[in-house]
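Asks: Protein chains in written order, with my numbering: chain D, 2 to 408; chain R, 42 to 360.
Cβ atoms here follow ideal geometry from the backbone N, Cα and C, with glycine treated the same way.
My structure is below; once you've seen it, I'll send some questions.
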Amino acid sequence: MRKLVSSVLATIGVLVSTSALAQPIKIGAPQPMTGPDAPFGDKFKKAYTMAREEINAAGGVNGRKLEILIEDHQAKNQLAATVAEKLITEEKVLVMTGGRGSGQAIEIASVCQRLKTPYLVDHPSADMITSKGFEWVFRNNPTGSIYPMAFSDFITNYPGAMPKSAAVVYDNTLFGKTIGGAVIKILKAKNVSVVADEAYPVNTLDFKPTMTKVKATNPDVVLLVAVATTDAILLTRHAKEMGLTPRAFVGFGGGFGVADFASQLGPLAENVFSSAAWSGNPNDPKTKAFYEKFHAKYAIWPHEHEVEGYSAIYILADALKRAKLTGDLDADREAIRKALLATDMTTVFGKVKFGNWTGPLGDAYTNQNVYSPGQSVMAQWKGGQLLNVWPKAFAETALVFPEPVKK
Amino acid sequence: MTRRLLPALLGVAVLVAIPLSIRNSFFLHVCILILMWTVLGAAWNVLGGFAGQVSFGHAALFAVGAYTTIILYLKGGLAPWWGIPLGGLAAALVSVPIGLLCFRLRGPYFALATLAVAEIVKLVALNWESVTAGSVGYLITTLPPVRLFGLEVNWEGKPPFFAAAAVLAVVALLTTGWLRNSRLGAYLVAIRENEDAAEAVGIDTVRAKVVTLALSAFLAGMGGGFYAFYFRYVDPDAVAGIGLSMEMVFIAVVGGLGTVGGPLIGAVFLTAVAELVRDRFQMGHLIFYGLFMMLVIRFMPEGIWGRVRRLTPGARTGG
Numbered sequence: 002m003r004k005l006v007s008s009v010l011a012t013i014g015v016l017v018s019t020s021a022l023a024q025p026i027k028i029g030a031p032q033p034m035t036g037p038d039a040p041f042g043d044k045f046k047k048a049y050t051m052a053r054e055e056i057n058a059a060g061g062v063n064g065r066k067l068e069i070l071i072e073d074h075q076a077k078n079q080l081a082a083t084v085a086e087k088l089i090t091e092e093k094v095l096v097m098t099g100g101r102g103s104g105q106a107i108e109i110a111s112v113c114q115r116l117k118t119p120y121l122v123d124h125p126s127a128d129m130i131t132s133k134g135f136e137w138v139f140r141n142n143p144t145g146s147i148y149p150m151a152f153s154d155f156i157t158n159y160p161g162a163m164p165k166s167a168a169v170v171y172d173n174t175l176f177g178k179t180i181g182g183a184v185i186k187i188l189k190a191k192n193v194s195v196v197a198d199e200a201y202p203v204n205t206l207d208f209k210p211t212m213t214k215v216k217a218t219n220p221d222v223v224l225l226v227a228v229a230t231t232d233a234i235l236l237t238r239h240a241k242e243m244g245l246t247p248r249a250f251v252g253f254g255g256g257f258g259v260a261d262f263a264s265q266l267g268p269l270a271e272n273v274f275s276s277a278a279w280s281g282n283p284n285d286p287k288t289k290a291f292y293e294k295f296h297a298k299y300a301i302w303p304h305e306h307e308v309e310g311y312s313a314i315y316i317l318a319d320a321l322k323r324a325k326l327t328g329d330l331d332a333d334r335e336a337i338r339k340a341l342l343a344t345d346m347t348t349v350f351g352k353v354k355f356g357n358w359t360g361p362l363g364d365a366y367t368n369q370n371v372y373s374p375g376q377s378v379m380a381q382w383k384g385g386q387l388l389n390v391w392p393k394a395f396a397e398t399a400l401v402f403p404e405p406v407k408k
Numbered sequence: 042m043t044r045r046l047l048p049a050l051l052g053v054a055v056l057v058a059i060p061l062s063i064r065n066s067f068f069l070h071v072c073i074l075i076l077m078w079t080v081l082g083a084a085w086n087v088l089g090g091f092a093g094q095v096s097f098g099h100a101a102l103f104a105v106g107a108y109t110t111i112i113l114y115l116k117g118g119l120a121p122w123w124g125i126p127l128g129g130l131a132a133a134l135v136s137v138p139i140g141l142l143c144f145r146l147r148g149p150y151f152a153l154a155t156l157a158v159a160e161i162v163k164l165v166a167l168n169w170e171s172v173t174a175g176s177v178g179y180l181i182t183t184l185p186p187v188r189l190f191g192l193e194v195n196w197e198g199k200p201p202f203f204a205a206a207a208v209l210a211v212v213a214l215l216t217t218g219w220l221r222n223s224r225l226g227a228y229l230v231a232i233r234e235n236e237d238a239a240e241a242v243g244i245d246t247v248r249a250k251v252v253t254l255a256l257s258a259f260l261a262g263m264g265g266g267f268y269a270f271y272f273r274y275v276d277p278d279a280v281a282g283i284g285l286s287m288e289m290v291f292i293a294v295v296g297g298l299g300t301v302g303g304p305l306i307g308a309v310f311l312t313a314v315a316e317l318v319r320d321r322f323q324m325g326h327l328i329f330y331g332l333f334m335m336l337v338i339r340f341m342p343e344g345i346w347g348r349v350r351r352l353t354p355g356a357r358t359g360g
């Protein structure tokens, strides 16, 4: 009798494990599908879907299809932890990605670290996510303190660009403070005097008092940091309306690079620089092809978020292909973590290889993309179009500097 | 006496049975959330339900507790079982000047003042970087190894957190139960029904309200301390946001204002409803959540527990 039972159990065991291998590979992705950040969740959903469909149409990963489970965290930290927990323990996903907001990503990273599930961060930029020694957490995109690297390179290497003085205006969120702090540190290291250091709350309606104050210091360049698009637009508008005439306006943050920036500001957007962690290299035919493909499918042009989401799925698919999956959840997750450590590939976002290194502000990164610093670029608005101008290898057009003085 | 003792014993039995019998960690997680919201709902209910002082700023007290606990742990190495009560104590201390200021105002003015206080606390948390780490926030990466009854406490598992949340919830409900039968509770009901009359019969209304706020703050602060240890990351948006203050109001209202069991019932319903509809409808779940709230408020203005109490034959008022 005991023999019978054990043989039945063994058969069931074999059946279960083989069927587990034939089933789709589950990837968990907490995103804000409702609430204030819902438009971003939608961007990622589109990008994930497109990558998944392409990979599955090409035969999947070693014959298994990919399945992406998106769970709504409403941009709430507590909910992000809850859905991460649910995806890992209930849905038994093999690997996680997503997050969108830094606070939510920190919670997801913390849960993934505890539950020993690999997590590939695709957008959140807080340095803390990859500087706490979490060996289960990987990040493809640059950290906040890397954003101003292209600007740093520009003032160092472009003839005559080193400013005599600078004004830095940034929002008081994690994003704004990280980048504002990094910019100030870079400037001070180059002996540039920071004549104005102004923080503002997100969604400020009137920047005129701030800009009056900034104008009195007569800065040589004005550096603006905004996490919100409306702030990026109003900062620029009010600075120009108050008659600031620095040699350059440089914006940091997604808001300075979106179409709304040009359409709402019109001629005021002309020659404003946008220094981002990623603006794509349009000289690359692969990037162009991706843009066209995405536009053909969704009738919108992809930006940072879509590219990040799309690339994340390809990075995971690559790691899953190399990992030996056995059907045992814990062993498979560990195998995927090991495979991610050996990642060395190029996506639409750029080259990716995870490593441990020290960031520009001294953060000790774990599993942060080692190519991140080189992915920072400066672009400039020209006639309603944002064109890459620095570094030279990525330049689409010649840059205008200093800003021509208007009469 | 047995009528009240029986459900209490039953509740404790359930609380002990859940972590012992259920291995599903997500289910335990949801139970922990329910218990945490029970504490917060009860904290709000003490002031809002019994004294009728509607606060839209309880997140401020929660935040003080969360920050105190996490800072004491990260900078001072103070263990959770000391940090959480101290978080409550810090919130209670902070609440006294707030109460002395805000209780000069009544009705909607008081509610607006509490809203402002919460915003001030959030701004302080954002800008007092040397203490609060500003928008970067604090993250706990590891909890200390602890042996309890000869067993290593597994911080990666749910049972220790379940036990902590259960103790806090029991403390919160016992406090509410004690308050209902105390002299202070009677004062509060008098204040809620007619503050001028209460003053006329010689109740020191400001003092009664300040003491109650401190009690409420103590519970909310402990809830915040628990949040810090369970979710391990504290930043101004997460612990001092207006959304959190609102959730506390919802739980107390849906459960039943001025009742002892209300916050528990409110937390069970709202957490369960939120999880169930989010599971079914990825995009539209908030509509159903809102609808549920509207139906409760329309058809059970006294709250779910309040309605159940009324429908139970022989039930006394309150409860």
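Look at the alpha carbon of N370 (chain D) and the alpha carbon of I161 (chain R), and state the distance between them as a whole number of angstroms.
Replies: As a working mapping, residue 370 (chain D) is identified with position 369 in the first sequence. As a working mapping, residue 161 (chain R) is identified with position 120 in the second sequence. Going by the C-alpha atoms only, they are around 39 Å apart.
Asks: Report yes or no: do the stretch 48-57 of chain D and the stretch 312-322 of chain D share at least 3 C-beta pairs separated by less than 8 Å?
Replies: Enough Cβ pairs lie closer than 8 Å, so yes.
Asks: If distances are taken between C-alpha atoms only, which option among D:G42, D:A39, D:K117 comes closest to L330 (chain D)?
Replies: To locate residue 330 (chain D), count along the first sequence from 1; it is residue 329. Among D:G42, D:A39, D:K117, the Cα nearest to that of L330 (chain D) belongs to D:K117.
Asks: Is the Cβ of R238 (chain D) closer than 7 Å to any Cβ of chain R?
Replies: For this step, residue 238 (chain D) is matched to residue 237 along the first sequence. Chain R, which has no Cβ nearer than 7 Å to the Cβ of R238 (chain D), makes this no.
Asks: Three or more C-beta pairs closer than 8 Å, one from the stretch 216-224 of chain D and one from the stretch 237-252 of chain D: is that the case here?
Replies: Taking 8 Å as the limit for Cβ pairs, the verdict is that the stretch 237-252 of chain D does touch the stretch 216-224 of chain D.
Asks: Comparing alpha-carbon positions, which option in D:I337, D:T348, D:I180 lies nearest I26 (chain D)?
Replies: Along the first sequence, one-based indexing puts residue 26 (chain D) at 25. Taking only the C-alpha atoms, the option nearest I26 (chain D) is D:I337.
Asks: For K189 (chain D), tell me which candidate among D:L342, D:Y311, D:Y201, D:A167 has the shortest Cα-Cα distance.
Replies: Within the first sequence, numbered from 1, the residue matching residue 189 (chain D) stands at position 188. Checking every option, the nearest Cα to that of K189 (chain D) belongs to D:A167.
Asks: So A82 (chain D) contacts chain R; which residues on that side make the cut at Cβ distance below 7 Å?
Replies: Residue 82 (chain D) sits at position 81 when you count from the first residue of the first sequence. Chain R residues near A82 (chain D): F272.
Asks: Compare the C-beta of V177 (chain R) with all C-beta atoms of chain D and state if any pair is closer than 7 Å.
Replies: Here residue 177 (chain R) corresponds to residue number 136 of the second sequence, with the count starting at 1. Output row for V177 (chain R): interface = yes.
Asks: Quick check on DSSP: helix, strand or coil for P403 (chain D)?
Replies: The sequence position of residue 403 (chain D) within the first sequence is 402, counting from 1. Looking at P403 (chain D) - three-state DSSP - the assignment turns out to be coil, as it is neither helix nor strand.
Asks: Following the continuous alpha helix (DSSP H) through P277 (chain R), name the residue where it begins and the one where it ends.
Replies: For the purposes of this step, residue 277 (chain R) is taken as residue 236 along the second sequence, with counting starting at 1. Here the alpha helix (DSSP H) through P277 (chain R) covers 277-281.
Asks: With which residues is V195 (chain D) paired in a DSSP beta bridge?
Replies: Mapped onto the first sequence, residue 195 (chain D) falls at position 194. DSSP output for V195 (chain D) lists D:A167 as bridge partner(s).
Asks: Evaluate W169 (chain R) with the Cβ neighbour count: other Cβ atoms within 10 Å of its Cβ, from every protein chain shown; 16 or more gives buried, anything less gives exposed.
Replies: By 1-based counting over the second sequence, the position of residue 169 (chain R) is 128. The residue in question, W169 (chain R), is exposed, as its Cβ has fewer than 16 Cβ neighbours within 10 Å.
Asks: List the endpoints of the continuous alpha helix (DSSP H) containing N272 (chain D).
Replies: What you label residue 272 (chain D) is simply residue 271 of the first sequence in a count that begins at 1. It is not in any alpha helix (DSSP H) - N272 (chain D) carries neither H nor E in the DSSP assignment.
Asks: When you compare only the Cα positions, how much space is there between R221 (chain R) and E288 (chain R)?
Replies: To locate residue 221 (chain R), count along the second sequence from 1; it is residue 180. To locate residue 288 (chain R), count along the second sequence from 1; it is residue 247. One C-alpha to the other measures close to 23 Å.
Asks: Does DSSP classify N63 (chain D) as helix, strand or coil?
Replies: By 1-based counting over the first sequence, the position of residue 63 (chain D) is 62. N63 (chain D) falls in the coil class under three-state DSSP.
Asks: In the DSSP assignment, find the alpha helix (DSSP H) that holds N86 (chain R) and state where it starts and stops.
Replies: On the second sequence, residue 86 (chain R) is found 45 positions in, with the first residue counted as 1. It spans 66-86 - the alpha helix (DSSP H) in which N86 (chain R) sits, taken as one unbroken run.
Asks: Could you work out which residues of chain D lie near T246 (chain R), taking near to mean beta carbons separated by less than 9 Å?
Replies: Counting from one through the second sequence, the residue named residue 246 (chain R) turns up at place 205. Going along chain D, no residue has its Cβ under 9 Å from T246 (chain R), so there is no contact; the nearest lies around 36 Å.
Asks: What does a CB cutoff of less than 7 Å around G98 (chain R) pick up in its chain, not counting 5 residues either side in sequence?
Replies: Walking along the second sequence from the start, residue 98 (chain R) turns up at place 57. The residues are T155, L156, V158, A159, S286.
Asks: Quick one: what does DSSP say L491 (chain D) is sitting in, helix, strand or coil?
Replies: In the structure displayed, chain D extends from 2 to 408; residue 491 (chain D) sits before or after that span and is not available.
Asks: Just mark N368 (chain D) as buried or exposed, buried being the case when its beta carbon has 16 or more other beta carbons within 10 Å.
Replies: Counted from its first residue, the first sequence places residue 368 (chain D) at position 367. N368 (chain D) should be labelled buried.
Asks: Can you name the start and end residues of the alpha helix (DSSP H) that M263 (chain R) belongs to?
Replies: Taking the first residue of the second sequence as position 1, residue 263 (chain R) is located at position 222. Here the alpha helix (DSSP H) through M263 (chain R) covers 246-272.
Asks: Once you ignore the five residues that flank Y228 (chain R) on each side, which residues in its own chain have a CB closer than 6 Å to its CB?
Replies: Within the second sequence, residue 228 (chain R) is the residue found at index 187, counting from 1. Contacts found: I244, A249.
Asks: Report yes if the CB atom of D364 (chain D) is closer than 7 Å to the CB atom of K354 (chain D), and no otherwise.
Replies: Translated into the one-based positions of the first sequence, residue 364 (chain D) becomes position 363. Translated into the one-based positions of the first sequence, residue 354 (chain D) becomes position 353. Cβ atoms of D364 (chain D) and K354 (chain D): not closer than 7 Å.
Asks: Return helix, strand or coil for K186 (chain D), following the three-state DSSP convention.
Replies: The sequence position of residue 186 (chain D) within the first sequence is 185, counting from 1. Residue state, collapsed to three classes: helix.
Asks: Which of the three DSSP states, helix, strand or coil, is assigned to Y148 (chain D)?
Replies: For the purposes of this step, residue 148 (chain D) is taken as residue 147 along the first sequence, with counting starting at 1. Coil.
Asks: Is there at least one Cβ from chain D nearer than 7 Å to L327 (chain R)'s Cβ?
Replies: In the second sequence, residue 327 (chain R) corresponds to position 286, counting from 1. Yes, contact with chain D.
Asks: With H, G and I counted as helix, E and B as strand and the rest as coil, what does DSSP make of Q24 (chain D)?
Replies: Start at 1 with the first residue of the first sequence, and residue 24 (chain D) comes out as number 23. Coil at Q24 (chain D), not helix or strand.
Asks: Please check if any C-beta of chain C sits within less than 7 Å of the C-beta of R53 (chain D).
Replies: No chain C is part of this structure, whose protein chains are labelled D and R.
Asks: Which residue marks the beginning of the alpha helix (DSSP H) containing L88 (chain D), and which one marks its end?
Replies: Along the first sequence, one-based indexing puts residue 88 (chain D) at 87. Start and end: 78-90.
Asks: Helix or strand or just coil, what does DSSP make of D123 (chain D)?
Replies: Counted from its first residue, the first sequence places residue 123 (chain D) at position 122. Coil at D123 (chain D), not helix or strand.
Asks: Check whether the Cβ atoms of P160 (chain D) and V184 (chain D) lie closer than 7 Å to each other.
Replies: Here the question's residue 160 (chain D) lines up with position 159 in the first sequence. Here the question's residue 184 (chain D) lines up with position 183 in the first sequence. Not in contact: P160 (chain D) and V184 (chain D) (Cβ atoms no closer than 7 Å).
Asks: Would you mind telling me which residues of chain R sit closer than 9 Å to S111 (chain D), beta carbon to beta carbon, in chain order?
Replies: On the first sequence, residue 111 (chain D) is found 110 positions in, with the first residue counted as 1. Going along chain R in sequence order, the residues near S111 (chain D) (Cβ under 9 Å) are L180, I181, T182, F272, R273, Y274.
Asks: Could you give the residue range of the beta strand (DSSP E) that holds K352 (chain D)?
Replies: On the first sequence, position 351 is the one that residue 352 (chain D) refers to. It spans 351-353 - the beta strand (DSSP E) in which K352 (chain D) sits, taken as one unbroken run.
Asks: Given that G104 (chain D) touches chain R, what residues does it touch there, using C-beta distances under 8 Å?
Replies: As a position in the first sequence, residue 104 (chain D) is number 103, starting the count at 1. Under the 8 Å cutoff, chain R gives G178, Y274, D276, D278, A279.
Asks: Is F402 (chain D) close to chain R? Criterion is C-beta to C-beta, closer than 7 Å.
Replies: As a first step, residue 402 (chain D) must be located in the first sequence, where it is residue number 401. No, its Cβ sits nowhere closer than 7 Å to a Cβ of chain R.
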